[in-house]
Structure formats: structure tokens, C-alpha cells
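Peer 1: Please find one structure pasted underneath; my questions will follow.
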Amino acid sequence: MLRAFRNQLVSQVNLETLYSQVWGPTTDTAFWTNFDWDKAIKAGMKAAGREYSGQFDFTDTYMYWPITHMVAPADQALDCAAYHAEDGRLGGIAAVYMPGTDPRGPFGLIFMAIFALALLGVTGHALLRLVGRKPS
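Counted from 1, the sequence shown has number 113 at position 114 by numbering that gives the first Met the number 0; the numbering is strictly sequential.
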């Protein structure tokens, strides 16, 4: 088992876990946009349809995960292409980049360019070493 630790938002009044809006480039309520926990919690709780007391704190929480992170046994497992392909199972998830699902999209092109530049650099370096070596 893997023991994972994190701090989690809780209501000081209701003693319940709080929701927060973490990300959103077009809003001023997302935590990673304004770094204001109170605004982010108000937005998250409103979106969840829950009441917010206005008082929050952080508490230590632990999660226990099996080392296999709940992957199916080998005889039931799917191959990588079932997920990492244009028509893969996870290809339609919004706001998440899944490698291989859109190879001609912006991220796919960026990663292909980085790979091509790295390959060019290694090949160029090897050629310069071969051409520029001194006879022994």
C-alpha cells in the first residue's frame, strides 16, 4: 500500500471538506489565478451547491492506495493504444492533455518538434565528433 499525505481544506464551523475552484483562466475566483483561498472556496462551494461558513482551515489527511493503483490484472488489461490514441478511451476528456490522443494538435506538434530538435542535436554532435577527431 502507498500512503499519500496532503493538506485538505475544511470548514471550521461545519467540520466538512470544502470544495474550491482551482483553475480557470477567464475568472478571478480560481485559486491559481488570484491565490485567494476564500474566493476560490466560495466559487467551488457555490458550484457544488453547498453552503460555506466563510471560515476555513487546513487539516492533514492521508490516503492509502494499492501499489498497483487499481490497474486490472494482466489478462484483463487493455493495451496503451486503448487510451493513448486519437480515438482512445480518454481522448474526449476536456481540459486534460492525454499524450497520443491528438498528435497533430498543438501539444503533439510541440513535443514532436522537441523530439526532432533533440535528435538533430545528438546526430549533429556525433557527426562533429567523428569529423573533428584527431588521428591517433
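Ideal Cβ positions, reconstructed from N, Cα and C, are used throughout, including at glycine.
(1) Can you list the alpha helix (DSSP H) stretches of 4 or more residues lying completely in the segment 20 to 107, in chain order?
(2) Would you say residue 26 touches the ligand MN, meaning its beta carbon is less than 7 Å from a heavy atom?
(3) Assess contact between the segment 33 to 53 and the segment 97 to 110, defined as three or more Cβ pairs (one per stretch) separated by less than 8 Å. Is contact present?
(4) Give me the Cβ distance between residue 59 and residue 4, rounded to the nearest whole Å; I'm assuming they're in contact under 8 Å.
(5) What does residue 2 pair with, by DSSP beta-bridge criteria?
Peer 2: So, to answer that:
(1) 30 to 33, 36 to 47
(2) This structure does not include the ligand MN; it has no bound ligands of any sort.
(3) no
(4) 7 Å
(5) 63
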